[in-house]
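Numbering (this note's numbering), first residue to last: 8 to 97.
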Amino acid sequence: MRAILICAIFVSMASMGRAQTVEELAEYVSGMPRGLLGTPSYWMEMRSALGWEKMILVVGYANNQPICEMMVRLGSAQSPDREFRCAAAN
């Protein structure tokens, strides 16, 4: 739930003109500092006919990777025919 809220915040930021596309948001995020423990933010990505597409940005946790992996498991359970993964964002 927290991750969905965080994602909604970034979507709101994007709609405010800071980023108009996922690529612009990804570029912005790549320049963000890592967390206090040196851990990166993560993208939950989904494979499509176009390649790997960024779906959800996971930020705000001491270690974002386990949260992203949990979301990958949830996505895989809901859509077993799709492939999901986590990728470091910064």
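Ideal Cβ positions, reconstructed from N, Cα and C, are used throughout, including at glycine.
Predicted model, so just to flag it, every value in this text is computed and none were measured.
Around residue 44, the same chain offers 69, 70 as residues with beta carbons nearer than 8 Å, after the five sequence neighbours per side are excluded. In the DSSP assignment, residue 54 falls within the unbroken beta strand (DSSP E) covering 49–55. Taken through DSSP and simplified to helix, strand or coil, residue 62 comes out as strand. By the neighbour-count criterion, in which 16 or more other beta carbons inside 10 Å mark a residue as buried, residue 34 falls on the exposed side. Look at residue 94 here: in three-state DSSP terms it is strand. Put simply, of 57, 27, 66, 84 the residue whose alpha carbon is nearest the alpha carbon of residue 94 is 66.
Its chain contains no residue whose beta carbon lies nearer than 7 Å to that of residue 56 once the 5 sequence neighbours on both sides are disregarded. Take the alpha-carbon of residue 38 and the one of residue 47: they are about 11 Å apart. Taken through DSSP and simplified to helix, strand or coil, residue 73 comes out as helix.
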